[in-house]
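Some notes on the structure that comes next.
Residue numbers (my numbering): 586 to 796.
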């Protein structure tokens, strides 16, 4: 009886000593799993952040490329039309008499500066006009065309053309029309040309196609 009691007591002591170690292992394993999850979360967060940075850089690169392409297309359209000003005049039933040189435009700018309160920026912009053409209508009357050329005609183009036309008429006393030329035209600019604010010369896309 005493031996059985001792044996039972030893078993109970053994169980009592081993039982606390079981939950301790589970806690350690759970802690390890949580640490691993935190590491994965941190790694994924860093990866997502890096992807966002790369996407931002990619978007900026695309925007720069788009701007450069816009400049190139506008420059190409400008060079093509400046060599074919008679087509622009003929489109509106005018005959070209002369295309003002840069020196002629500078002379006009001095007259403009003397008679109008013009900002230096606007005056400089006027001297950089794409083209100022002297034409004759079917009655032989002389008229000036203040021309601005872009691949896609935007607000800035029609604003420059109308401003330049006003300067020329003030300096010369001759009727002057604003003209914008482009392959495309923005809807809001189309509304302004439809209202008679400026004439629109549509550049045929084939005119800009490589030979």
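We put the CB at the ideal spot given by N, CA and C, even for glycine. Just so we're clear, the structure is a prediction, and the values are computed from it rather than from any experiment.
Using only alpha-carbon positions, find the residue among the options that is nearest to residue i.
| i | options | result |
| --- | --- | --- |
| residue 766 | 715, 695, 689 | 715 |
| residue 726 | 678, 697, 671 | 678 |
Are residue i and residue j closer than 8 Å when you measure CB to CB?
| i | j | result |
| --- | --- | --- |
| residue 786 | residue 753 | no |
| residue 770 | residue 737 | yes |
| residue 743 | residue 782 | yes |
Which residues in the same chain have their Cβ closer than 8 Å to the Cβ of residue i, if we skip the five residues on either side of it in sequence?
| i | result |
| --- | --- |
| residue 674 | 680, 681, 718, 720, 730 |
| residue 607 | Unreliable positioning characterises residue 607 in this predicted model, as indicated by a pLDDT of 48, which lies under 50. The coordinate reading is nonetheless provided below. Taken in chain order, the list of residues that qualify is empty. |
| residue 778 | 743, 765, 770, 784, 785 |
| residue 690 | 711, 712, 714, 717 |
| residue 627 | none |
| residue 676 | 786 |
What distance in whole Å lies between the Cβ atoms of residue j and residue i, which are believed to be in contact at a cut-off of 8 Å?
| i | j | result |
| --- | --- | --- |
| residue 707 | residue 748 | 7 Å |
| residue 740 | residue 773 | 7 Å |
| residue 703 | residue 756 | Not really, about 11 Å apart at Cβ, beyond 8 Å. |
Can you give the Cα-Cα distance for residue i and residue j, rounded to whole angstroms?
| i | j | result |
| --- | --- | --- |
| residue 636 | residue 625 | 16 Å |
| residue 759 | residue 750 | 10 Å |
| residue 722 | residue 705 | 33 Å |
| residue 692 | residue 700 | 13 Å |
| residue 764 | residue 631 | 54 Å |
| residue 695 | residue 667 | 24 Å |
| residue 552 | residue 633 | Because the chain here runs from 586 to 796, residue 552 falls outside it and cannot be looked at. |
| residue 687 | residue 780 | 31 Å |
| residue 622 | residue 790 | 59 Å |
| residue 672 | residue 665 | 11 Å |
| residue 762 | residue 724 | 17 Å |
| residue 537 | residue 617 | Outside the displayed span of the chain (586 to 796) sits residue 537, for which this structure offers no information. |
| residue 638 | residue 709 | 40 Å |
Would you check whether the ligand FMN has a heavy atom nearer than 7 Å to the C-beta of residue i?
| i | result |
| --- | --- |
| residue 774 | With respect to small molecules bound, the structure shown includes none, and the ligand FMN cannot be examined in it. |
Give me, in chain order, the residues of the same chain whose beta-carbon lies closer than 7 Å to that of residue i; leave out the 5 immediate sequence neighbours on both sides.
| i | result |
| --- | --- |
| residue 670 | 681, 684, 716, 718 |
| residue 735 | 659, 662, 742, 767 |
| residue 619 | none |
Please work out which residues of its chain come closer than 6 Å, Cβ to Cβ, to residue i, disregarding the five sequence neighbours upstream and downstream, and give them in chain order.
| i | result |
| --- | --- |
| residue 745 | 733 |
| residue 711 | 694, 749, 752 |
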